[in-house]
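> Take a look at this one; I'll ask things after.
Numbering (my numbering), first residue to last: 316 to 391.
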């Protein structure tokens, strides 16, 4: 019976540690992705100003992804 209690405690600790690790990784990856999208958006706007490519489909898609990510981050 004692072994079962020790195993349960170890399993709970492992679960908590894994949950914290996944949250930490998710938060950092999300933050990095937002920074990267912001940087790409700034570069895209600079290119659009230089080349007058405001309707480029890749830039439009990137802006939609960035807007969705910012809305999601604001809700969190």
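Every residue, glycine too, gets a C-beta built ideally from N, C-alpha and C.
Do you know offhand how far residue 348's Cα is from residue 327's?
Looking at the two C-alpha atoms, the distance is approximately 31 Å.
> Going along the chain, which residues of its own chain have a beta-carbon closer than 7 Å to the beta-carbon of residue 355, five neighbours each way excluded?
Closer than 7 Å at Cβ, skipping near neighbours: 377.
> Using 8 Å as the Cβ pair cut-off and three pairs as the minimum, do the stretch 382-391 and the stretch 338-352 touch?
The stretch 382-391 vs the stretch 338-352: in contact.
> State the Cα-Cα distance for the pair residue 383 and residue 374, rounded to the nearest angstrom.
Going by the C-alpha atoms only, they are around 14 Å apart.
> In angstroms with no decimal places, state the Cα-to-Cα distance between residue 334 and residue 381.
Going from the Cα of residue 334 to the Cα of residue 381 covers about 27 Å.
> Cα separation between residue 336 and residue 372?
Roughly 37 Å between the two C-alpha positions.
> For residue 322 and residue 357, what's the separation of their Cα atoms in angstroms?
So the alpha carbons of these two residues sit roughly 52 Å apart.
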